[in-house]
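This is the structure:
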């Protein structure tokens, strides 16, 4: 009997491959995502290995390592004299301070097999004091072929001339890169050591023999093959990729859990549609254990088919996409053929599907043989939950609350400096996991009250809206199973959106402190010539605003005759005019208000306030070597001060202290947008600086751009990862709607018979699908906002909680739209069935 029932169930499932695929669609998508992630990791690692090594492919030997003292210039000469060495290039870089800014001078032969640059204008340097620069460096520093400047770097302490002989193209162009042959760099910067030596062996010479001779020439220096070094460089980059994919794996795991929940719900629907058949099997002698075994085998078959199709689809796309990208000029490597991973994914799909089908199978196997006497083959879904599930769900919810309370108790206190986020983060993750499983257990009880709120507008639209709401409310267990997955995705995405917005505000605040404008001109400890400030202020076409300031490094705070704080040298104090800077609006205060700053009123950063024991409203004496002045603390910043100032004082107070009127620096913003506006601003400031000694220019906007790009990239990567769960949820809504259409054929026919049009039926079923999204998105936002706040606070980064209403509203609308869209095709199918045929159907 067992074999007969098993053969009957599996044969019936195999005869309907469409139903089989639909049942396991979520597992198919999960298998595709999991194996696709494996292939993407391989593609990324191979691309990194093939294209991102800094060592030329023809390098045979590399001398030197970061773990030992570097090779000397003498070592370089000895290596070049070794028989069999065709070329030996010393790799070294040194920072160069020039009047117009900063250069990173790197050694490169410029020609030959070991070069990493290509000349695109002029000629490559061949003498000390000659350099080639990158295009962006030329724009930023206003240098061109033939221009001569001067600077110091390496062991060179007095300015020496540097002449630009050419412009080169390199793999990276940060806007301050320069190149010259190693001999020229060594001679100009007066270097005695280099970072390493790259060696190319002469054609026909034995690499091993040359290596032995080189070892004898430079005793004590490690020597590695070029292949080893390239592999190590690629491995270092691949390790970064590996760390990223560990994070990816966490989100993929969440998506797999979501797929299991969706499949569980799907099998409940499928088995409910076959209750009469199962009852007949019971009536002819099949035991409950036999039915459970047969239904579990059907689940295993479903998982096998879904896993194979998912893996095959991912493999096809994984090989096709790199080929397409290579055809368009992108250097992307193809993946390997990870058979072990493919088999593991398929086996995992079978195991997960079997686990997902167990609960529905056990429930379906309890069918009474008397059910075979029912007129219909479909039984209504249960609406409530058992006492055991209720108690278990309440325990999980209680555990989630307790873990959240524990997280809050572990959050950093004000002015705490030794905060460790490990334990609070662990508690937070535990709280989130418990809350999710509590939602799974108690979901059917939550659907009706949530639906009563979110479905109210639909019920006001007439019978069609009421029927849509009633269709969801009539099967709360099914609605909960699908909506919980949607809620999981929305919780994750809303958490990422809220956390990203909070981090963006924090980043803007940090940039308002360290990079409050596009440019900064400094005097390297002295004062700016008055002509520099006046010329900068006159450059209206290129600069939007110029804000000069004074900085004093030795200011102290006194109360009576007692000095406050433990700093011997004093606090850096500036009279920077915050009101003139557009970034001031991004600043926050821990105490007081910035608008209260003025003559006799100062602003402190958090460290100075703690060190001196001061708060907003306190009165103190500000003192320098030339005088003292009584001031009141107007505000305390939560972190550092602008330009790392510890005290912000009014210009009047610095005058009263006897501080010289000459400015020590200035801030400026570009008048134009983009790279062109920034370049014009750099040129205007460079002209203002002229030949002034000791005056430097820093482009702060580049740092701000890199920071903004990093935050945006991290947020979009996180959104992309958590969207995997949303994808699974949408698939679950579509499959649930499609299967429920079959279950409700007679209901659809009756509605058509009493006058409901095809359009009306399609609309009703589509709205029902959308309601899954409404319920899930509502629950997800309710959970996502507090957990996002806890996550931000747990990191201990003092970022404010920000709920970006427009993105969250957009997320809500998109989720509802996607879930509604998932029900469009099943709704169209239901509307095409004839009322007469539907009323005569036995499902």
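Residue numbers (the working numbering): 34 to 876.
Even glycine gets a Cβ: it sits at the ideal position worked out from N, Cα and C.
All values derive from a computational prediction rather than experimental measurement.
Tell me whether residue i is buried or exposed, calling it buried when 16 or more other Cβ atoms sit within 10 Å of its Cβ.
{"i": "residue 808", "result": "buried"}
{"i": "residue 74", "result": "buried"}
{"i": "residue 235", "result": "exposed"}
{"i": "residue 631", "result": "exposed"}
{"i": "residue 554", "result": "buried"}
{"i": "residue 557", "result": "exposed"}
{"i": "residue 768", "result": "buried"}
{"i": "residue 173", "result": "buried"}
{"i": "residue 626", "result": "exposed"}
{"i": "residue 527", "result": "buried"}
{"i": "residue 663", "result": "exposed"}
{"i": "residue 544", "result": "buried"}
{"i": "residue 4", "result": "Examination of residue 4 is not possible in this model, given that the chain is present from 34 through 876 alone."}
For residue i, collect the residues of the same chain with a Cβ closer than 7 Å to its Cβ; drop the 5 residues on either side in sequence, then sort them by chain order.
{"i": "residue 162", "result": "193, 194, 195, 196 and 221"}
{"i": "residue 365", "result": "76, 80, 355, 358 and 359"}
{"i": "residue 829", "result": "445, 452 and 454"}
{"i": "residue 470", "result": "429"}
{"i": "residue 347", "result": "65, 68, 69 and 72"}
{"i": "residue 710", "result": "703 and 704"}
Note the first and the last residue of the continuous beta strand (DSSP E) segment covering residue i.
{"i": "residue 604", "result": "604 to 607"}
{"i": "residue 230", "result": "229 to 234"}
{"i": "residue 19", "result": "The requested residue 19 does not occur in the structure, where the chain is confined to residues 34 to 876."}
{"i": "residue 126", "result": "126 to 131"}
{"i": "residue 592", "result": "584 to 592"}
{"i": "residue 197", "result": "189 to 202"}
{"i": "residue 258", "result": "256 to 258"}
{"i": "residue 634", "result": "634 to 637"}
{"i": "residue 655", "result": "652 to 657"}
{"i": "residue 400", "result": "Counting along the chain, residue 400 falls outside any beta strand (DSSP E), and DSSP gives it neither H nor E."}
{"i": "residue 94", "result": "94 to 96"}
{"i": "residue 152", "result": "151 to 155"}
{"i": "residue 148", "result": "Looking at the DSSP string, residue 148 is not in any beta strand (DSSP E), and its letter there is neither H nor E."}
{"i": "residue 601", "result": "Residue 601 -> no beta strand (DSSP E), and no H or E assigned at all."}
Considering only residues of the same chain and omitting the five flanking positions on each side of residue i, which have a CB-CB separation below 8 Å?
{"i": "residue 239", "result": "117"}
{"i": "residue 114", "result": "250"}
{"i": "residue 612", "result": "none"}
{"i": "residue 791", "result": "785, 864 and 865"}
{"i": "residue 587", "result": "602, 603, 657 and 658"}
{"i": "residue 223", "result": "187, 188 and 189"}
Counting along the chain, where does the alpha helix (DSSP H) carrying residue i start and finish?
{"i": "residue 168", "result": "168 to 174"}
{"i": "residue 542", "result": "509 to 547"}
{"i": "residue 219", "result": "215 to 222"}
{"i": "residue 441", "result": "420 to 442"}
{"i": "residue 460", "result": "455 to 487"}
{"i": "residue 107", "result": "106 to 113"}
{"i": "residue 10", "result": "Outside the shown range of the chain (34 to 876) lies residue 10, about which nothing can therefore be said."}
{"i": "residue 622", "result": "That residue, residue 622, is in no alpha helix (DSSP H); it is neither H nor E in DSSP."}
{"i": "residue 614", "result": "That residue, residue 614, is in no alpha helix (DSSP H); it is neither H nor E in DSSP."}
{"i": "residue 886", "result": "Nothing about residue 886 can be reported from this structure: the residues present for the chain run from 34 to 876 only."}
{"i": "residue 861", "result": "857 to 864"}
Excluding five sequence neighbours on each side, which residues of the same chain lie with their C-beta closer than 6 Å to the C-beta of residue i?
{"i": "residue 851", "result": "763"}
{"i": "residue 152", "result": "199 and 201"}
{"i": "residue 590", "result": "597, 645 and 653"}
{"i": "residue 572", "result": "717"}
{"i": "residue 422", "result": "474"}
{"i": "residue 408", "result": "Its pLDDT being 48, under 50, residue 408 is placed unreliably in this model, and the value from its coordinates should be taken loosely. Closer than 6 Å at Cβ, skipping near neighbours: no residue."}
{"i": "residue 513", "result": "476, 477 and 480"}
{"i": "residue 845", "result": "810"}
{"i": "residue 575", "result": "704, 713, 714 and 717"}
* To do: Only counting runs of 4 or more residues, tell me where the alpha helix (DSSP H) segments fall wholly within the segment 721 to 775, in order along the chain.
  => Taking 4 residues as the shortest admissible run, the segment 721 to 775 contains no complete alpha helix (DSSP H) segment at all.
* To do: May I ask you to verify whether the segment 316 to 327 touches the segment 87 to 102, counting CB pairs closer than 8 Å and requiring at least 3?
  => These segments do not touch.
* To do: Please specify which runs of the beta strand (DSSP E), each continuous and at least 3 residues long, are wholly inside the segment 793 to 840, giving them in chain order.
  => None, since the segment 793 to 840 contains no complete beta strand (DSSP E) of that length.
* To do: Could you tell me which uninterrupted alpha helix (DSSP H) segments, each at least 4 residues in length, are contained entirely in the segment 321 to 386, listed from first to last along the chain?
  => Taking only runs of at least 4 residues, the alpha helix (DSSP H) segments lying wholly in the segment 321 to 386 are 321 to 360.
* Those runs of the beta strand (DSSP E) which lie wholly inside the segment 661 to 703 and span at least 3 residues -> Those beta strand (DSSP E) runs which fall completely within the segment 661 to 703 and span 3+ residues are 698 to 703.
* Asked: Counting pairs of beta carbons, one from the segment 739 to 748 and one from the segment 515 to 526, are three or more of them closer than 8 Å?
  -> Segments in contact, no.
* To do: Tell me, please, whether the segment 671 to 685 touches the segment 130 to 144 by the rule of three or more beta-carbon pairs shorter than 8 Å.
  => Here the segment 671 to 685 makes no contact with the segment 130 to 144; the two share fewer than three CB pairs at distances below 8 Å.
* Would you be able to state if there are at least three C-beta pairs under 8 Å between the segment 721 to 734 and the segment 522 to 542? => In the pairwise beta carbon analysis, the segment 522 to 542 is classified as not touching the segment 721 to 734: fewer than three pairs are separated by under 8 Å.
* Asked: Would you call the segment 484 to 492 and the segment 457 to 472 in contact, with 3 or more CB pairs under 8 Å?
  -> No contact exists between the segment 484 to 492 and the segment 457 to 472.
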